[in-house]
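Q:
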Amino acid sequence: MGDTSVTFKPYMYPTGLEDFDEDAPLPVRKRWWGRFVHLAVQCGWSNRTKLYEFMLMVSPAVRNWRGQLPKHE
Numbered sequence: 028m029g030d031t032s033v034t035f036k037p038y039m040y041p042t043g044l045e046d047f048d049e050d051a052p053l054p055v056r057k058r059w060w061g062r063f064v065h066l067a068v069q070c071g072w073s074n075r076t077k078l079y080e081f082m083l084m085v086s087p088a089v090r091n092w093r094g095q096l097p098k099h100e
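First residue of the sequence shown? That's 28 in our numbering, and the numbers climb one at a time after it.
Structure below.
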C-alpha cells in the first residue's frame, strides 16, 4: 500500500473578531487588521474567502466605497 497524506484546513469562524470600525483611531484599525490577517492565514482561507469574510465585517459605507474602485486586472 502507498502512503496517503491528508491536509486538514479547518474553517474557523471569525466570531471572536469584532466588526471593523472605520472611525476608530489608526492604531486600533491596524490591530484589527493584524488579527484579521492572522485568522485568515491560520485558517488557510483562499483569497475569495478572505474577501468575503472581510466584507461581512465592514460597514456599508466601506463596501460602497470599495465597489466604486476600478477593477484591477
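C-beta atoms are modelled at their ideal positions from N, C-alpha and C, and glycine is treated no differently. Predicted model only: the values in this text are computed from it and were never measured.
Taking the Cβ atom as the reference point for each residue, do T76 and A67 lie within a distance shorter than 9 Å?
A: Taking the sequence shown and counting its residues from 1, the one referred to as residue 76 is at position 49. Taking the sequence shown and counting its residues from 1, the one referred to as residue 67 is at position 40. Yes, they are a contact pair.
Q: Does the distance between the C-beta of G71 and the nearest non-hydrogen atom of the ligand ATP fall short of 8 Å?
A: Although the ligand ATP was asked about, the structure shown includes no ligands whatsoever.
Q: Cα separation between R62 and P52?
A: In the sequence shown, counting from the first residue as 1, residue 62 sits at position 35. In the sequence shown, counting from the first residue as 1, residue 52 sits at position 25. Taking the straight line joining both Cα atoms gives about 16 Å.
Q: Mind checking which residues open and close the alpha helix (DSSP H) that includes P52?
A: Numbered from its first residue, the sequence shown carries residue 52 at position 25. Element bounds for P52: n/a, residue is neither H nor E.
Q: Let me know the secondary structure DSSP gives P87 once reduced to three states.
A: Here residue 87 is taken as the residue at index 60 of the sequence shown, counted from 1. P87: helix per DSSP, three-state reduction.
Q: Excluding sequence positions up to five away, which residues of its chain have a Cβ less than 8 Å from the Cβ of D46?
A: For the purposes of this step, residue 46 is taken as the residue at position 19 of the sequence shown. M84, V85 and S86, listed in sequence order.
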